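One structure is given here, and the rest of the page talks about it.
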Amino acid sequence: MIHFVGAGSGAADLITVRGKKLLEEADVIVYAGSLVNPQLLDYAKETCKIYNSAKMTLEEVLEVLFEAEQAGKNTVRLHTGDPCLYGAIREQMDVLEERGIPYDYCPGVSSFCGAASALNLEYTLPDVSQSVIITRMAGRTPVPEKESIESFAAHQATMVVFLSTGMLRELSDRLIAGGYKADTPAAIVYKATWEDEKTFLCTVGTLAETAEKNHVTKTALMIIGDVVAHHGYQRSKLYDPGFTTEFRKGTDTL
């Protein structure tokens, strides 16, 4: 059996209970070494064979999975955060399905959740933003034209930008061209939930300046929107004494 496991946002103790159990039981672990906290490998048993996929091609990863499966071994493919986001798991799953190899998927805590925790931030504040756009800048891997930064910026929703730390001047320009004001609150979160986590509050117009000043060149998320300032929101209706729910009668019914 092959288990795709989300490693969590960084801190070794933020892996799920299920994910930790799968690591402890694994005979083979293939982990994304460029991003996954190596402390997670401490959960592996002494006899476990460990491969760093940062130095491997897709074909080499698959060959390890095939050999382990043929030998009747239990394998964990360990991805950063939750692998449903920029995890490149579908291309692996499709080949496994073609080969008739069973697999499952254990979710993890995404780094965008870890970034929110680093800032004590709520992405969805009533009357401020009720939507979160997760996206990235186009680099060597393109982004569909219909998903441009400008088109998303027009919504003025909360935006979390992955994989774009080296393109912050262009990101700022495109966010402003799409509709955000230059003074819109923003934040840069470096290595969310890791021991060397750092957070920087800034604005859309000062993203690049802030990163350069603090020597942040990679492994960071950018959060854009008024929720970063957490001002001007309305109280939740769910806990309003005047609001009736299935479980509580509010004063609006009196």
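In case it helps, UniProt numbering puts the sequence shown at residues 1 to 254.
Idealized CB from N, CA, C, for every residue including glycine.
The structure displayed is predicted, hence computed values, not measured ones.
Residue i versus residue j - alpha carbon distance
i, j, result
"ILE101", "MET1", "7 Å"
"LEU254", "SER236", "The pLDDT assigned to LEU254 is 48, lower than 50, so where the model puts this residue is not dependable, and the model offers no usable value."
"LEU85", "GLU197", "21 Å"
"GLY205", "SER117", "24 Å"
"PRO83", "LEU163", "14 Å"
"GLU97", "THR210", "45 Å"
"LEU14", "MET137", "27 Å"
"TYR233", "ALA32", "39 Å"
"GLU212", "THR165", "10 Å"
"CYS106", "LYS55", "24 Å"
"HIS3", "GLY10", "19 Å"
"LYS181", "MET167", "19 Å"
"HIS231", "HIS155", "19 Å"
"CYS48", "LEU58", "21 Å"
"SER151", "GLY178", "6 Å"
"LYS45", "LYS20", "12 Å"
"TRP194", "ARG140", "27 Å"
Residue i and residue j closer than 7 Å at C-beta
i, j, result
"ARG174", "ILE134", "no"
"ALA71", "VAL189", "no"
"GLN39", "ALA12", "yes"
"VAL160", "ILE223", "yes"
"LEU125", "VAL76", "no"
"TYR103", "VAL227", "no"
"ARG169", "ALA220", "no"
"ASP183", "THR203", "yes"
"GLU145", "ASN74", "no"
For residue i, three-class secondary structure by DSSP
i, result
"ASP82", "coil"
"CYS113", "helix"
"LYS198", "strand"
"LYS21", "helix"
"ARG136", "strand"
"residue 310", "No answer is possible for residue 310: it lies beyond the span of the chain, which begins at 1 and ends at 254."
"TYR180", "coil"
"GLY205", "helix"
"ASP27", "coil"
"ASP127", "coil"
"residue 258", "It is not possible to answer for residue 258, since the shown part of the chain is limited to 1 through 254."
"VAL161", "strand"
"VAL216", "coil"
"TYR233", "coil"
"MET93", "helix"
"residue 269", "This structure cannot speak to residue 269, because the chain is shown only from 1 to 254."
Where residue i falls, given that 16 or more other Cβ within 10 Å makes a residue buried
i, result
"ALA153", "buried"
"TYR239", "exposed"
"LYS191", "buried"
"GLY87", "buried"
"VAL5", "buried"
"SER129", "buried"
Selection from the options that minimises the alpha carbon distance to residue i
i, options, result
"GLY225", "ASN214, ALA26, SER131", "SER131"
"LEU201", "ALA186, ALA182, VAL17, THR219", "ALA186"
"ALA68", "CYS106, PRO107, ALA32, ASP27", "ASP27"
"VAL36", "GLU46, THR184, TYR51, LYS45", "TYR51"
"SER110", "HIS215, HIS79, LYS249, GLY178", "HIS79"
"ALA229", "GLY19, VAL61, LEU119", "LEU119"
"VAL30", "ARG140, LEU41, VAL143", "LEU41"
"ASP127", "GLY139, THR158, SER151, GLU147", "THR158"
"VAL95", "LYS146, PHE66, GLY242", "PHE66"
"PHE112", "GLY81, ILE176, ASN214", "GLY81"
"VAL61", "LYS73, ASN74, GLN92", "GLN92"
"TYR43", "GLU63, SER53, ARG18, ARG99", "ARG18"
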